[in-house]
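Engineer: Counting from 1, one number per residue, gives the positions in the sequence shown under the working numbering. To start, I am sharing the structure in question, which I have written as structure tokens.
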Amino acid sequence: MKNFDNLLDRYADITVRIGLNVQKGQDVVIFAPIESPGFVRKTVRKAYEAGAENVYVDWTDDQITRIRFEKAPDRTFDTFPSWRARSFEERADRDAAFLYIYAPNPELLKGIDPGRVTRSQKASVTANKKFSDDRLNARVSWTIVSVPTAGWSAKIFPKLGEAERIEALWKQIFTITRADREDPVAAWQDHIHTLTEKLDYFNEKRFKKLYYKAPGTDLEIELPEGHLWVGGGMTTTKGIRFQPNMPTEEIYTMPLKTGVNGTVSSTKPLNFGGHLIERFSITFKEGRIIDFQAEQGYETLKKIIDTDEGSHYLGEVSLVPHRSPISETNLIFYNTLFDENASCHLAIGTCLPFNYRGGQEMSEEELAAKGANFSLTHVDFMVGSAKLDIDGESQDGKRVPLFRKGNWAI
Numbered sequence: 001m002k003n004f005d006n007l008l009d010r011y012a013d014i015t016v017r018i019g020l021n022v023q024k025g026q027d028v029v030i031f032a033p034i035e036s037p038g039f040v041r042k043t044v045r046k047a048y049e050a051g052a053e054n055v056y057v058d059w060t061d062d063q064i065t066r067i068r069f070e071k072a073p074d075r076t077f078d079t080f081p082s083w084r085a086r087s088f089e090e091r092a093d094r095d096a097a098f099l100y101i102y103a104p105n106p107e108l109l110k111g112i113d114p115g116r117v118t119r120s121q122k123a124s125v126t127a128n129k130k131f132s133d134d135r136l137n138a139r140v141s142w143t144i145v146s147v148p149t150a151g152w153s154a155k156i157f158p159k160l161g162e163a164e165r166i167e168a169l170w171k172q173i174f175t176i177t178r179a180d181r182e183d184p185v186a187a188w189q190d191h192i193h194t195l196t197e198k199l200d201y202f203n204e205k206r207f208k209k210l211y212y213k214a215p216g217t218d219l220e221i222e223l224p225e226g227h228l229w230v231g232g233g234m235t236t237t238k239g240i241r242f243q244p245n246m247p248t249e250e251i252y253t254m255p256l257k258t259g260v261n262g263t264v265s266s267t268k269p270l271n272f273g274g275h276l277i278e279r280f281s282i283t284f285k286e287g288r289i290i291d292f293q294a295e296q297g298y299e300t301l302k303k304i305i306d307t308d309e310g311s312h313y314l315g316e317v318s319l320v321p322h323r324s325p326i327s328e329t330n331l332i333f334y335n336t337l338f339d340e341n342a343s344c345h346l347a348i349g350t351c352l353p354f355n356y357r358g359g360q361e362m363s364e365e366e367l368a369a370k371g372a373n374f375s376l377t378h379v380d381f382m383v384g385s386a387k388l389d390i391d392g393e394s395q396d397g398k399r400v401p402l403f404r405k406g407n408w409a410i
């Protein structure tokens, strides 16, 4: 690819400067697939150049993950190493910044018992609850980016050879993340400004309900009185701005736990722990999931919903226009980071406390009393398309068109 090294350098630069916003003297922790050494090395260099004190890299390997799920004793999927959980907590206590390089292989765990996968993830989430709370409450800065891998690129471009499909995916990533712009940092600043204008509109209007209409979807979502729309980045409790997702095209808030009624149909596959869930629908009554269907991955979807009581409810509602850089590629990425930013989506499971005014200073019990949902899990699934209409109900009871044919109507 022409100018590949320069583009990779720009991608690493915006990851450190816009995504993490690394501060002088700060530690950085990078969780990376073993297939991404070139990008990781550039990111480590950029982090030190930004003033990082220490940069730690935690490598993972898909094949080792597969072997574990095939061969490890069954009892091990109900535990998570306590030393590992403590290491994350200690680094968070030192105000480290955390980078997740997310590049899942959608076929990685094909044929593996989905029960093992969900049990392993539940054990991980349980052991890492304090660390997760630190991230969800923005006590630390963190961001998620992706790089091509052989398994992931094969799912998107199955007709190309390995080198060609990895190059094709790199081109998409550089474009979608604005790394190919003349000044990527300025491009991101402009994009964040656009998202902020939408946030200002929604937080001023304070809609009471949202109404979704599309093929297979007829859904009503009530919003709690103190809900807060967020997007275009976050600010830590110590005042450091960071961008959790790169790319990002969404604004999002929390639904009222008991205020969701009707049926919603997925519009993109959901890759969960190496298992694909496709063409599924979920029905709600007074917030709780009372029925669901899936043409593929039914058992995996069932395991997600049965994680705990909170996983029977929603924790996030997110608005994304169909006309966006990711959607206009006309690709399904089988990667939630990309697919959720190409489509309006909802999340099964826990809320994000900063989606309620003053929520970061409130206890779970206090937030729950306001209508927030809590769970060990948070799983986004895509519901947006060129056929989706959304109305908002204003404070005076009027219906306001928000989306028409998948795009902003405001």
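Yeah, the Cβ is synthetic: ideal placement off N, Cα and C, and Gly gets one too.
Is SER82 near ALA138, with beta carbons less than 9 Å apart?
Structural biologist: Translated into positions along the sequence shown, residue 82 becomes position 82. Translated into positions along the sequence shown, residue 138 becomes position 138. Cβ atoms of SER82 and ALA138: not closer than 9 Å.
Engineer: For ALA392 and CYS351, which I take to be in contact (beta-carbon distance under 8 Å), what is that distance rounded to the nearest angstrom?
Structural biologist: For the purposes of this step, residue 392 is identified with residue 392 of the sequence shown, where counting begins at 1. For the purposes of this step, residue 351 is identified with residue 351 of the sequence shown, where counting begins at 1. As written in the sequence, residue 392 is Gly, which differs from the Ala given in the question. Incorrect: roughly 20 Å between the Cβ atoms, too far for contact.
Engineer: Compute the beta-carbon to beta-carbon distance between THR307 and LEU367, rounded to the nearest angstrom, for a pair I have assumed lies under 8 Å.
Structural biologist: Your numbering for residue 307 matches position 307 in the sequence shown. Your numbering for residue 367 matches position 367 in the sequence shown. Wrong, their Cβ atoms sit about 19 Å apart, outside the cutoff.
Engineer: Give every residue of the same chain whose Cβ lies closer than 7 Å to the Cβ of ASN21, excluding the five residues on either side of it in the sequence, and list them in chain order.
Structural biologist: Within the sequence shown, numbered from 1, the residue matching residue 21 stands at position 21. Excluding residues within five positions, the ones whose Cβ falls inside 7 Å are SER141, ILE240, ARG241 and PHE242.
Engineer: Determine the DSSP secondary structure at SER146, reduced to helix, strand or coil.
Structural biologist: Here the question's residue 146 lines up with position 146 in the sequence shown. Reduced to three states, the DSSP call for SER146 is coil.
Engineer: What does a CB cutoff of less than 7 Å around LYS303 pick up in its chain, not counting 5 residues either side in sequence?
Structural biologist: On the sequence shown, position 303 is the one that residue 303 refers to. The answer, listed in chain order, is PRO114, GLY115 and THR118.
Engineer: State the CB to CB distance for the pair ASN341 and GLU249, rounded to an integer number of angstroms; the pair is presumed to be in contact (CB under 8 Å).
Structural biologist: Start at 1 with the first residue of the sequence shown, and residue 341 comes out as number 341. Start at 1 with the first residue of the sequence shown, and residue 249 comes out as number 249. Rounded, the Cβ-Cβ distance is 4 Å, consistent with contact.
Engineer: Would you grab the beta carbon distance between GLY274 and LEU108 for me? Rounded to a whole angstrom, and I think it's under 8 Å.
Structural biologist: Taking the first residue of the sequence shown as 1, we reach residue 274 at position 274. Taking the first residue of the sequence shown as 1, we reach residue 108 at position 108. That pair is a contact at about 4 Å.
Engineer: By Cβ distance, which residues of its chain are closer than 6 Å to THR217, with the 5 residues on each side in sequence left out?
Structural biologist: By 1-based counting over the sequence shown, the position of residue 217 is 217. For THR217, where only same-chain residues beyond five positions count, the Cβ hits under 6 Å are VAL264 and SER265.
Engineer: So, are the CB atoms of LEU346 and VAL320 less than 9 Å apart?
Structural biologist: Position 346 of the sequence shown, counted from the first residue, corresponds to residue 346. Position 320 of the sequence shown, counted from the first residue, corresponds to residue 320. Against a cut-off of 9 Å, the Cβ pair of VAL320 and LEU346 comes out as no contact.
Engineer: My output table needs one value for ASN137: the three-state DSSP class, helix, strand or coil.
Structural biologist: For the purposes of this step, residue 137 is taken as residue 137 along the sequence shown, with counting starting at 1. Note: ASN137 maps to coil in three-state DSSP.
Engineer: With DSSP as the reference, identify every bridge partner of PRO33, one or two as the case may be.
Structural biologist: As a first step, residue 33 must be located in the sequence shown, where it is residue number 33. Answer is THR60.
Engineer: Let's see if you can read the secondary structure: which residues bound the alpha helix (DSSP H) around ALA85?
Structural biologist: As a working mapping, residue 85 is identified with position 85 in the sequence shown. Here the alpha helix (DSSP H) through ALA85 covers 82-93.
Engineer: Whole-angstrom Cβ separation of GLU162 and ALA150, contact assumed at under 8 Å?
Structural biologist: As a first step, residue 162 is located in the sequence shown; it is residue number 162 there, counting from the start. As a first step, residue 150 is located in the sequence shown; it is residue number 150 there, counting from the start. Confirmed, about 6 Å.
Engineer: If we ignore side chains and look at the alpha-carbon of each, how far apart do THR76 and SER327 end up?
Structural biologist: For the purposes of this step, residue 76 is taken as residue 76 along the sequence shown, with counting starting at 1. For the purposes of this step, residue 327 is taken as residue 327 along the sequence shown, with counting starting at 1. Their backbone Cα atoms lie some 40 Å apart in a straight line.
Engineer: For the alpha helix (DSSP H) containing ARG119, list its first residue and its last residue.
Structural biologist: Counted from its first residue, the sequence shown places residue 119 at position 119. That run of the alpha helix (DSSP H) goes 114-127.
Engineer: Grab me the residues of GLU222's own chain with a C-beta within less than 6 Å of its C-beta, minus the 5 sequence neighbours each way, in chain order.
Structural biologist: Working through the sequence shown from its first residue, we reach residue 222 at position 222. Sequence-distant partners of GLU222 (beyond 5 residues in either direction) whose C-beta falls short of 6 Å from its own C-beta, in its chain, are LYS209, LEU256 and GLY259.
Engineer: Is DSSP giving GLU295 helix, strand or coil here?
Structural biologist: The count along the sequence shown starts at 1 and reaches residue 295 at position 295. It is a strand residue.
Engineer: Relative to the alpha-carbon of PRO325, which residue among PHE31, ILE176, THR60 and GLN23 has its alpha-carbon at the smallest distance?
Structural biologist: In the sequence shown, residue 325 corresponds to position 325, counting from 1. With distances taken between Cα atoms, PRO325 lies closest to ILE176.
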